[in-house]
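Remember, my numbering sits 45 above the position in the sequence shown when you count from 1. See structure below.
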Amino acid sequence: MCTYTCARVPESLEKRESHYGRISVPAACQFPLLQPTSAGGGGAQVIRQARRQRRRLLEASRREEHQREQSRDASGKPKHGDEDDKEHVGGNRWAGGSGGADTAGLGGKGGPYRLEKPGQNVHQISDEAKAQISEEAREAARKMGEEAREKRLQEIEMGGGDYDLYMTILGEVQGEVDQLRRVLGAATAKERERVWHRGAEGELDENRLVDAIAGEAAVFKRRAAREQRPGEAPQRPKRITFLFDASASMYRFNGMDGRLRRSCEAAVMLMEALRGFEQRFDYEVCCHDGDNVLTELVPFGRPPADEKERLKVISKMMTAAQYCGSGDNTLAAIERACERIEASGPADDYFVFAFSDANFARYGISPQVRERRKGGIP
């Protein structure tokens with residue numbers, strides 16, 4: 046048995062110029078690696094120590110949030126901005142700044158997309174100040190954000206993103222993957238064929254009349270569901286939709302609580318755990334954001350074949366959260382997902398799992414509205 050120690054984050058994870066260009070990965074997505082050191086016991090204690098070190102690292106890297114009273118007017122000429130490693134507040138020149146205008150950053154207005162700079166605190170302008178922007182400036186920022194998003198998606202398809210990032214995320218959830226695979230392996234089908242069971246209950250089995258005369262008690266038969274043999278696949282797979290939130294807030298607040306990082310970990314855990322269970326579970330992975338009600342990342346019947354394909358899935362989730370417009374489509378996405386899975390054909394059972402950080406109060410969505418939108422949907 047291998048034991049593991051916590052290694053420093055390699056430089057390849059901190060600077061991803063080759064695959065991510067000028068796009069910085071959120072600080073909370075930079076994980077400590079677990080590396081094998083020796084064979085023998087004590088592995089559980091070392092892993093727990095590594096996890097504690099990871100939590101301390103994340104807590105130390107959490108940024109501070111400040112409210113900014115002043116705000117700069119958006120010029121209507123959005124840009125990525127110049128790059129450096131310093132903290133900038135309230136300007137319109139530097140990429141990754143905060144509380145300014147026109148450039149990619151956090152907490153300001155008029156910029157083309159969100160961009161987090163490691164170590165940069167967030168200076169958030171008010172919602173009223175964010176609303177004070179011309180339609181021309183808003184449209185220019187939206188158009189540039191869409192172009193940057195399409196460019197990033199093309200890079201993902203060609204290069205597949207950063208393999209080291211994927212393996213680091215997988216290392217964080219490997220224990221959960223193993224546990225989930227054991228659970229999935231024990232899953233049984235909801236619908237089984239009915240067969241004759243012979244025993245001491247039911248109607249008399251005409252093929253055992255001689256045994257009945259001889260005094261045998263187990264000469265009856267009854268129709269019941271056939272017991273599933275260990276490891277046997279169900280006749281029809283269970284069909285599952287995993288729906289992830291890739292809205293703007295997932296990127297915006299990732300530096301505070303790691304919500305986007307945890308969503309990526311959950312997606313990796315599910316895809317890895319379901320590998321090899323394609324006959325039992327047919328699944329799709331989708332996401333929603335402020336611009337799109339539902340984006341298909343993994344279609345039914347075509348699970349990702351290898352690490353590169355699974356890496357593309359989480360890379361697209363991160364890209365959507367960084368470049369999409371503000372807004373929430375959680376309820377509409379759940380409704381769409383339910384409609385899709387109901388129309389996907391016969392299956393042993395149907396499930397939709399939705400992961401969201403939706404702030405319903407912000408968008409005026411009451412519990413009554415949620416119930417109406419769910420009406421008639423299983």
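Each residue gets a CB set at the ideal place from its N, CA and C atoms; glycine is no exception.
Length of the line joining the Cα atoms of residue i and residue j
{"i": "R194", "j": "C369", "result": "8 Å"}
{"i": "L78", "j": "F400", "result": "Caution is warranted here: a pLDDT of 38 is assigned to L78, below 50, making its placement in the model unreliable, and no coordinate value can be reported."}
{"i": "Y395", "j": "I285", "result": "6 Å"}
{"i": "D373", "j": "E352", "result": "30 Å"}
{"i": "D127", "j": "C383", "result": "44 Å"}
{"i": "E114", "j": "I201", "result": "39 Å"}
{"i": "P391", "j": "G216", "result": "36 Å"}
{"i": "V313", "j": "Q219", "result": "9 Å"}
{"i": "G335", "j": "S179", "result": "20 Å"}
{"i": "Q165", "j": "S371", "result": "21 Å"}
{"i": "E184", "j": "G346", "result": "38 Å"}
{"i": "V264", "j": "N252", "result": "9 Å"}
{"i": "A245", "j": "A232", "result": "29 Å"}
8 Å Cβ shell around residue i - same chain, five flanking residues per side excluded
{"i": "M316", "result": "V330, V343, P348, P349, R355 and V358"}
{"i": "L433", "result": "Only positions 46 to 423 of the chain appear in this structure, which leaves residue 433 out of reach."}
Contacting residues, own chain, Cβ-Cβ under 6 Å from residue i (five flanking each side not counted)
{"i": "A146", "result": "R117, A119, N137, G153, K154 and G155"}
{"i": "G66", "result": "Low confidence applies here, because G66 scores a pLDDT of 34, under 50, leaving its location unreliable; read the following figure in that light. Closer than 6 Å at the Cβ level, and outside the excluded window around G66, lies no residue."}
{"i": "W139", "result": "G126, D127 and H133"}
{"i": "L225", "result": "A318"}
Under 7 Å between C-beta atoms of residue i and residue j
{"i": "A291", "j": "M189", "result": "no"}
{"i": "H168", "j": "S143", "result": "yes"}
{"i": "F322", "j": "S308", "result": "no"}
{"i": "T364", "j": "A403", "result": "no"}
{"i": "I214", "j": "E109", "result": "no"}
{"i": "K435", "j": "G135", "result": "Here the chain has residues from 46 to 423 only, and residue 435 is not among them."}
{"i": "V338", "j": "R281", "result": "no"}
Cβ separation of residue i and residue j, assumed to be a contact under 8 Å, to the nearest whole Å
{"i": "Q324", "j": "R159", "result": "Not quite, the Cβ-Cβ distance comes to about 41 Å (not below 8 Å), so this is no contact."}
{"i": "P157", "j": "A186", "result": "5 Å"}
Neighbourhood of residue i by C-beta distance below 7 Å, restricted to the same chain and skipping five residues each side
{"i": "K266", "result": "W241, H242, R243, G247, E248 and D250"}
Residue i: first and last residue of the uninterrupted beta strand (DSSP E) it sits in
{"i": "V330", "result": "F326 to H333"}
{"i": "T148", "result": "Taken as a continuous stretch (DSSP letters only), T148 belongs to no beta strand (DSSP E), as it is neither H nor E."}
{"i": "R138", "result": "Looking at the DSSP string, R138 is not in any beta strand (DSSP E), and its letter there is neither H nor E."}
{"i": "L288", "result": "K283 to D290"}
First through last residue of the alpha helix (DSSP H) which encompasses residue i
{"i": "C352", "result": "A quick correction: the sequence has Glu, not Cys, at residue 352. Note, E352: alpha helix (DSSP H), E352 to Y368."}
{"i": "D394", "result": "Careful: D394 lies outside any alpha helix (DSSP H), inside the beta strand (DSSP E) at D394 to F400."}
{"i": "K175", "result": "D172 to A176"}
{"i": "R306", "result": "R304 to A318"}
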